[in-house]
Amino acid sequence: MLVIPTSDTHPMELQPLQRHPDASRYGSVPECVVSSAKTASNGSQLNIFGNARDIERISRHLDNGNLGAAIDSFMAFVSVVFAGTYVANTYIPYNDMPHSIWVVEVICATLFTLDFAYRGVYLSASRRKEFLFSMPALVSLMVILPVLPASFFIRYHTFWYGESWWRFVYPVRFAMCYLTGKAVLSRCHAYLNPVRQFAFLCYLQITCILLGAAGIIQIAETMDGTLSVKNLGEWTFFNSFFNSVMTFVTIDKPPSENNLSKMFVGVLVCIFILVIPYQISNVMDLSNSVSAYEEASYKPSSKSHHVVLCGDLTASRISHFFHEIFHNDHDFVGVHVIVLSEDPPATSLKALLLDPFFAKRVWFIQGSLLDIDDAKRAACDSADAIFILTNRKGDEEFSVSDHRTLMRVLAAKRQAPKARIFAQLHRSIHCQLVRDMGVQNVLCLSEVALSLLGQNCICPGFSTFMYSLTSTSSFDDDNDEGLGSDAKRSNRTQAIDNGEGSWVDRYLLGASHEVYVVELPPASVIAGKTFSELASLAYSHCHGIIVFAVGDGPRGKVILNPGDTYTCVGGETAYVIAQTQADASALTEMSPNVSMPLAWREMQVSSPSSLVRSETGSSDGRGAEASLKRHQARFVHWQFGDYETPEPEKESEGEEVDEKAPNKKTSKTAEDAVIHDVDELGFGVAPIVICVTTETAFSNDLEHLIGPLRTRSLKQYHPIVILTAKLPDDDIYDGFSHFPGVYFVIGDPYRHKSLNRAGISDAHRVIILGTSTSASDNDSELLQDAESIALHKFITSFIGTRKAPRVIMEVGSRASVHFVAQNLLANGWFSGPDGGNELTMFSSSETFSRNFFLSPAFTSGLTYSTSLCDSLLINQFFNGRIKNILGEFMFTSRASDAWAHLRGDKSKPELHRSSLFAVEVPLDFVGRSFEYVFHYLLSSDDILVIGLYRCHPYMNSMDEEPKPRIEVPEKERSVPFGYVYVNPQPFEVVTGDDLLYVLSDKQPCWAETQTA
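Residues in the sequence shown are numbered from 1 upward in steps of one, following UniProt numbering.
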């Protein structure tokens, strides 16, 4: 390139400001493109074809712009017309080309000439010589020259007539059709997937070869003088095309009659042998590299609704999602589920998708929510809801998984601004970030799972009780009818009525209850009645439903059992525990003529004293008038002060004081809280030991586990000992350093010496934090809890089988609870459905995973799986108040006024907010019916009983027969171990082995029995 400087050009202006990289490193961009703009503007290019920079600019515009695509499409159409004129001319029965056909050919040839000269020669820049000797240039010349200019100088304006060898140039027009069609298909990558694009190109090539072969065979068969253009006989173009196809299909009898034709047919067969298998192989290879799920799409319909499931998905989580959202209890008809997964489906999931039920209602699309095209294929913009599940991959930190979820939430807000978004996160610190985006349906896995584990330590079976209320029943048996079916519910009820029901029948009957939201009767029915009176009326006259909460204020804040502090006005929102929606709706239609239960009328006549609310500890002298001897309340100091209070308040006279309360002095660093042996501190109360095997457990919001163990309503605090091999960082420790009585013991939990130093043998509870890792396939998914289960077995073997129910653990897979149960069956407390202690046998892996909640490890509340949070998220879609209800149960007991303000609670300060407690049954209630206890405690103390935790009888090797728990001294009682029984039958007899699930604003503490 020669640059001539002008007179006003400064020498320095010819130097580039920076060194440009070699253009050869970036593809085929000409060197002139990367030259300085200043140099190009001040110099003239000595090139006979013009400015190379302008040529390249025009070429780029045509290659990438819509104009170039339009030209390619137009030239493809011209090539088809050009080939059509040749085919039409073969059917003219006389030696004269019609003038109209010749004019069309001239026009087409002119267009080809212009395109060849401008886009082929002029815009080739430095590649002109290469282009002129290329196959496209040769084809262009072969189709142009016989028309321009040759047709102007020959008779009939065509070479077709006669027996000239120039006739063979006309089939080349089909090659031009292939080249122009290929140019169009090459631009369709945005509209066609690679498989279809290459397949269409292959089909076009084969078609053009067959058409060209038809023309060659026709010309060859009419070259020997026997036939001519006036008398083609059977060798018309159509018949020739048919024969070429037959040559492609079979070569038993070559469709040729002369030697020249046979030669061309042989060449055609060779071409087919070389080209066709090669092209088919390429198509198949490309088809195998692209899954059908990558091209699948969903077309929304106005007659149906659809939801999108995406995130960190596995085959078991997807299968669980299907069975949960399509459960009969939801009665959600006409819904479709679109699974948008970044990974292809597993083999087991492919088999599930073949099921006729799911084949009509489920679409699996491989793609990412972050990709706009994938989101459109899943119809996210018109979805009713988008579920974003989260899970760790391998050993990555929880924050990394949360960051992926945050990106997906942002993409969902952009792609589907009107859809309801339901998301999961590991850490609570990230939940507020999602809420700031306007997504309120966010579930913190660590907050829920760890809070439930902590509640299990002070309220046995708490997690199982919450799961029964907030999830649909999904137990399957051989008939695959589910525990919620009317027939099975009736059979269980009848068996219990006859006194023949097993613990399984009672447990499943309780699990069939769910939470329903209904409207209270109008003011003419309940105006002026307290909440306690309303609950008794509903239980007596509405099929045994339990009204346990009411919505207060315009935002409907959930208030658990406000008791007599709330007066009904009519029409409020109420939350009830019932088996069916029909039973729950009976509350709204309750008659105004209903009367109070008999227990209330007896109370009004006898005016007995309270069971738990006596302020002085003395009787008022009227308890003897009641038919049932009443208990005096034993007032206990429940630590109402904040954690930062340096000294506990003094006990009032007559109150019992713990001999050795935990020291409230908090440690500034984790090293300050380290002890070598629990015996150094001489705990007067059995400690709660938390076993941590990985450092990542500390980063998972451990304060949510310790919080329920430090609620102000507890009678006493159990010291918390964390057994770990490595201390947490100071910034992580700051999250729970304000809790009193938390210590560290450094050691390996797989060492007996470390377990002894941590006080495992005398521990009140032992918590094993989950150490599971995520897995992509089903086999490894079943092994993700192997370390936790091994540690559970190690600890239970160390402390003995009788103390095994003290160990509570978190697992990642729901199916893992069955392996935990194997460590508990040796004690003989749980019998199988047939009365034996054998392990339950399942017919398939699916039922093994889905029927986790029938395992003794789950029924007793000794395990909880983070995967169960998927059920909670799904049911939140059907009942938006589920999360609020669960939050009230988990956090009300530890909510101070400041905490309630932070949570946005605007309830009236005079309303009592109850919490869930599990308390021993008073001896006076043993042998009474559940209905009697229910009404009695409501009428006397505003205590609402909502279920039982039925323990197995206390067993002692010195006793010949097991004793009820109530008959065993409190210090000798074993850890409660049994099953959750939600809303028992009204006639169910309360035994001495039962714990009462009660909602009360204070933890009930029964007084000693008084004689009349």
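Quick reminder that beta carbons are idealized off the backbone N, C-alpha and C, glycines included.
Keep in mind that this is a model prediction, so the values were computed, not measured.
| Check | Outcome |
| --- | --- |
| Endpoints, the alpha helix (DSSP H) within which Val933 is located | 930 to 941 |
| From Trp600, Phe698, Leu425, residue whose alpha carbon lies closest to that of Thr866 | Leu425 |
| Simplified DSSP state of Thr405, which is helix, strand or coil | helix |
| Nearest-angstrom Cα separation, counted from Ile966 out to Gly563 | 28 Å |
| Meets three-Cβ-pair contact criterion under 8 Å: the region 55 to 62 and the region 167 to 174 | no |
| N- and C-terminal bounds of the beta strand (DSSP E) containing Ala790 | Where Ala790 is concerned, there is no enclosing beta strand (DSSP E), although the alpha helix (DSSP H) it sits in stretches over 786 to 799. |
| Member of Gln716, Ala786, Glu703, Ser713 whose CA lies at the smallest distance from the CA of Ile722 | Glu703 |
| Touch test, the region 369 to 384 against the region 337 to 346, Cβ-Cβ under 8 Å, three pairs minimum | yes |
| Outcome for Ile767 when other beta-carbon atoms lying within 10 angstroms are tallied against a minimum of 16 | buried |
| Proximity below 8 Å, CB of residue 1015 to CB of Ile386 | Since the first residue shown for the chain is 1 and the last is 1012, residue 1015 is missing from the structure and cannot be characterised. |
| His157, DSSP secondary structure in three states | helix |
| Cβ separation of Ala582 and Val518, assumed to be a contact under 8 Å, to the nearest whole Å | Rounded, the Cβ-Cβ distance is 11 Å, inconsistent with contact. |
| Per DSSP, cross-strand counterpart(s) of His305 | Val335 |
| Coarse secondary structure for Ala898, derived from DSSP in three states | In this predicted model, Ala898 has a pLDDT of only 37, less than 50, meaning its place in the structure is not dependable enough to derive any value. |
| Status (buried if at least 16 other CB within 10 Å, exposed otherwise) for Glu920 | buried |
| Under the three-state DSSP convention, the category Lys629 falls into | Because Lys629 carries a pLDDT of 39, less than 50, the predicted location of this residue cannot be relied on, and the following value inherits that uncertainty. The answer is coil: DSSP assigns Lys629 none of H, G, I, E or B. |
| N-terminal and C-terminal residue of the beta strand (DSSP E) that Gly947 is part of | 944 to 951 |
| Which of helix, strand or coil DSSP assigns to Cys542 | coil |
| Enclosing alpha helix (DSSP H) for residue 1034 [first to last residue] | Outside the shown range of the chain, which is 1 to 1012, sits residue 1034, and nothing can be said about it. |
| Local Cβ density within 10 Å of Phe925, reported as buried at 16 or more and exposed below that | buried |
| Of the listed residues Ala125, Met176, Thr90, nearest to Ala109 (C-alpha basis) | Met176 |
| Cross-strand partners of residue 1021 (DSSP beta bridge) | In the structure as shown, the chain starts at 1 and stops at 1012, and residue 1021 therefore has no counterpart that could be examined. |
| Proximity of Val980 and Tyr949 at Cβ, strictly below 8 Å | yes |
| Same chain only: Cβ atoms within 6 Å of Glu105, ignoring 5 sequence neighbours per side | Thr85, Val147 |
| Within 8 Å, strictly: CB atoms of Asp730 and Ala673 | no |
| Sequence-distant residues of its chain with Cβ nearer than 6 Å to Arg25 (five each side left out) | Because the pLDDT of Arg25 is 41, which lies under 50, any placement of that residue in the model is unreliable, and the number read from its coordinates should be weighed accordingly. Nothing listed; no residue qualifies. |
| Contact under 8 Å by Cβ, Gly861 with Thr470 | no |
| Three-state secondary structure (DSSP) of Ala214 | helix |
| Cα-Cα separation between Ala523 and Leu534, rounded to whole angstroms | 12 Å |
| Inter-residue spacing [alpha-carbon to alpha-carbon] between Ile216 and Met284 | 30 Å |
| Whether Ile760 touches Ile808 by CB criterion (8 Å) | no |
| Terminal residues of the beta strand (DSSP E) in which Thr724 lies | 720 to 724 |
| Lys906 (DSSP reduced to helix, strand or coil) | Note that Lys906 scores 47 on pLDDT, short of 50, meaning its location in the model is unreliable and no value can be drawn from it. |
| Span of the alpha helix (DSSP H) around Tyr86 | 66 to 90 |
| Distance CB(Glu810)-CB(Tyr743) smaller than 8 Å | no |
| Cross-strand partners of Ala423 (DSSP beta bridge) | Ile388, Val442 |
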